[in-house]
């Protein structure tokens, strides 16, 4: 699996063009620290900027410049799309995540952005890439046309029906990709625009 090589002196935060132009609002960095956009621009040496363009489902169409995405670029794109680890019940900042293949490499899953998701190390270790063990978590791609990035299949011990889980973390609620997906869910009639109460998300993996 890929491990982001972001550099120890790098600050990564996803902001909208409106926030950047107005220097308003606050964002959470990939290390889980909340900072105002004004401080981000004025205090940091914010000269190395990446432009990430997303569709209405919050999926990246373009990042930075027109060249093949590498692992660091994919990591930056995932920060903008997901904002935190995607495992249910775990709120892991991107800087502490690993990059997981939704469909494993051995099963033919490519190292392409739609097949990648951020996952904390503990949760990552519990994923059954072979999708053969009903006692472990599994990841599957969403149906065609769905605004989601990844579906998590719980173990039988957590949910005997093994119904797919869509994860929404309050910490990443205002990440651009999450905002776009939330609007897309409303358009396709999947869920409302408000985050589910904490009690509606059963305790799952941690890490």
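In the numbering used here, the protein residues as written are 1113 to 1319. Built from N, CA and C at the ideal position, the CB exists for glycine as well.
Could you check how far apart the C-beta atoms of residue 1198 and residue 1262 are, in whole angstroms? I think they sit under 8 Å. Counting from 1 along the chain shown, the entry for residue 1198 is found at position 86. Counting from 1 along the chain shown, the entry for residue 1262 is found at position 150. Rounded, the Cβ-Cβ distance is 5 Å, consistent with contact.
Return yes when the Cβ of residue 1149 is within less than 7 Å of the Cβ of residue 1135, no when it is not. Along the chain shown, read from residue 1 onward, the residue named residue 1135 stands at position 23. Along the chain shown, read from residue 1 onward, the residue named residue 1149 stands at position 37. In contact: residue 1135 and residue 1149 (Cβ atoms closer than 7 Å).
So, under 8 Å CB-CB, residue 1297 and residue 1259 are touching, yes? Tell me the CB distance rounded to an integer number of Å. Translated into positions along the chain shown, residue 1297 becomes position 185. Translated into positions along the chain shown, residue 1259 becomes position 147. Their Cβ separation, rounded to whole angstroms, is 6 Å, which keeps residue 1297 and residue 1259 in contact under 8 Å.
Quick one: grab the DSSP three-state call for residue 1180. On the chain shown, position 68 is the one that residue 1180 refers to. Summary for residue 1180: the model assigns pLDDT 38, below 50, so the residue's position carries little reliability; its value from the coordinates is reported in the next sentence. DSSP places residue 1180 in coil when its eight states are reduced to three.
Helix, strand or coil at residue 1173 according to DSSP, with G and I counted as helix: Here the question's residue 1173 lines up with position 61 in the chain shown. In this structure, residue 1173 counts as strand in the three-state DSSP scheme.
Would you call the region 1192–1212 and the region 1262–1271 touching, i.e. three or more CB-CB distances under 8 Å? yes
Own chain partners of residue 1170 with C-beta closer than 8 Å, once the 5 adjacent residues on each side are dropped: As a working mapping, residue 1170 is identified with position 58 in the chain shown. Hits under 8 Å: 1193, 1259, 1261, 1288, 1289, 1290, 1291, 1292, 1293, 1296.
If you draw a straight line from the alpha carbon of residue 1151 to that of residue 1188, how long is it in whole angstroms? In the chain shown, residue 1151 corresponds to position 39, counting from 1. In the chain shown, residue 1188 corresponds to position 76, counting from 1. Spanning the two alpha carbons is a distance of roughly 20 Å.
Would you list the one or two residues that DSSP bridges to residue 1250? Reading the chain shown from its first residue, position 138 is the one you call residue 1250. Answer by DSSP bridge pairing, in chain order: 1265.
Considering only the alpha carbon of each residue, which of 1167, 1282, 1240 lies closest to residue 1204? Here residue 1204 refers to the residue found at position 92 of the chain shown. When each option's Cα is compared against that of residue 1204, the closest is 1282.
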